[in-house]
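So the sequence shown is numbered by my numbering: it starts at 152 and just counts up by one.
A virtual CB, placed ideally from N, CA and C, is assigned to each residue, including glycine.
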Amino acid sequence: MGVVIIDGTTVRSFVADEQQFKKSVDEKFAALDVNGDGVLSRSELRRAFESMRLIESDFGVDVATPPQELTALYDSIFERFDGDGSGAVDLEEFRSEMRAIMLAIADGLGSSPHPDGDRGRRPQLPQARRRPRGLEARRRRRRRRRRQVVSAPVSAGR
152 MGVVIIDGTT
162 VRSFVADEQQ
172 FKKSVDEKFA
182 ALDVNGDGVL
192 SRSELRRAFE
202 SMRLIESDFG
212 VDVATPPQEL
222 TALYDSIFER
232 FDGDGSGAVD
242 LEEFRSEMRA
252 IMLAIADGLG
262 SSPHPDGDRG
272 RRPQLPQARR
282 RPRGLEARRR
292 RRRRRRRQVV
302 SAPVSAGR
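Right, dumping it as structure tokens:
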């Protein structure tokens, strides 16, 4: 398995490659347009977000969000995609919002590379903030000794 390095420059290059960007976004749009009418309804877009579980989970851990709060959230996302307020998202609106989302992601990433295969792992603390191994080992020994002292009177009384 290879590791893909993603940074803001990579994402911007993808968005700038009009042909590749349109192809990718158009394929996603077609997959989401379940009934094939050429527009995304509120329920089609909601189904897409529900399948990704971006809102109902936090780093892979289920989060209990009240149904009315989820509905309000999905409605606001739909309104963001539905630029003309027609009640349906057409291909151009979808492309426009996906471009805005991708460029916002690029801004967030900046120029620092992020290995794509590193998702879900806790970031490593800088070396200066980690406890030295020797100190950690001493603390563990001290804890063990305390446990032995606490349990010694109990075992001696039997």
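Under a three-way DSSP split, which group does residue i fall into?
| i | result |
| --- | --- |
| Val-240 | strand |
| Ile-157 | strand |
| Val-190 | strand |
| Thr-222 | helix |
| Ser-262 | coil |
| Asp-177 | helix |
| Ala-167 | helix |
| Ala-215 | coil |
| Arg-293 | helix |
| Val-185 | coil |
| Arg-270 | Unreliable placement is indicated for Arg-270, whose pLDDT of 47 sits below 50; the coordinate value is still reported in the next sentence. In the structure shown, Arg-270 sits in coil (DSSP, three-state: anything other than H, G, I, E or B). |
Give me the Cβ distance between residue i and residue j, rounded to the nearest whole Å; I'm assuming they're in contact under 8 Å.
| i | j | result |
| --- | --- | --- |
| Phe-165 | Phe-172 | 6 Å |
| Gly-189 | Ser-262 | Actually they are not in contact, since the Cβ atoms of Gly-189 and Ser-262 sit about 38 Å apart, beyond 8 Å. |
| Val-176 | Arg-290 | That pair is no contact at about 53 Å. |
Are residue i and residue j closer than 8 Å when you measure CB to CB?
| i | j | result |
| --- | --- | --- |
| Phe-232 | Glu-248 | yes |
| Ala-257 | Arg-198 | no |
| Leu-260 | Ile-156 | no |
- Query: Can at least three beta-carbon pairs, one atom from the stretch 231 to 245 and one from the stretch 180 to 200, be found at a separation below 8 Å?
  - Reply: yes
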